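Right, one structure below, let's go through it.
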Amino acid sequence: MRTDTIDPGRMTARMELERPVETPDGQGGISRAFASAGALWTLIEPRVALTGERRDEGVCDVEHDVWIRHRTDVSAGMRFRKGARLFVVLSAFDPDESRRYLVCRCRETLR
340 MRTDTIDPGR MTARMELERP VETPDGQGGI SRAFASAGAL WTLIEPRVAL TGERRDEGVC
400 DVEHDVWIRH RTDVSAGMRF RKGARLFVVL SAFDPDESRR YLVCRCRETL R
C-alpha cells in the first residue's frame, strides 16, 4: 500500500498492543506474560496464508501488515490482541520514513 494514499479513516480495528514481561520462575528459568501497552486504532491487511501441520494437527499461519500511527516503542516479540485473536509482531518499519505510520508485519496462527 502506498502511504500517500492511505486514509487514516480506514484504521477501524481497535487492537490492544502488548509487550512481553519476563519474571524469574525460581528455578533458573523465566516465565513470560504480556502486559498492555495501550489500545490503538489499526488497519489490518492480510498478506499471505501458509498451511501445514504441527504436532499432528493442521495449522494455518497468516501474515498481516498492521498499520498504526507512528510509535517508537514497537519491536519484534510484542503482539496485538483483537478479542481472542493474537498477532505476533515479526518486524516494524516506517514505510516512507515520514514518522506518520508504522507498519508491523505480524503472524497469526489459526488452528
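So the sequence shown is numbered by my numbering: it starts at 340 and just counts up by one. For glycine and all other residues, C-beta sits at the position ideal for the given N, C-alpha and C. Keep in mind that this is a model prediction, so the values were computed, not measured.
_Below 8 angstroms, how does it come out for the segment 392 to 405 and the segment 356 to 375: are there three or more Cβ pairs, yes or no?_
no
*Kindly list the residues whose CB is nearer than 7 angstroms to the CB of V427, restricted to its own chain and excluding five residues on each side of it in sequence; keep chain order.*
R418, C445, R446
*Nonlocal neighbours in the same chain, by C-beta distance under 7 angstroms from R420, ignoring five residues either side*: The beta carbon of R420 lies closer than 7 angstroms to those of M354, E355, E357 in the same chain, with the five residues before and after it left out.
*Do you know offhand how far T351's Cα is from L382's?*
6 angstroms
*Where DSSP assigns a beta bridge to G377, which residues make up the other side?*
L356
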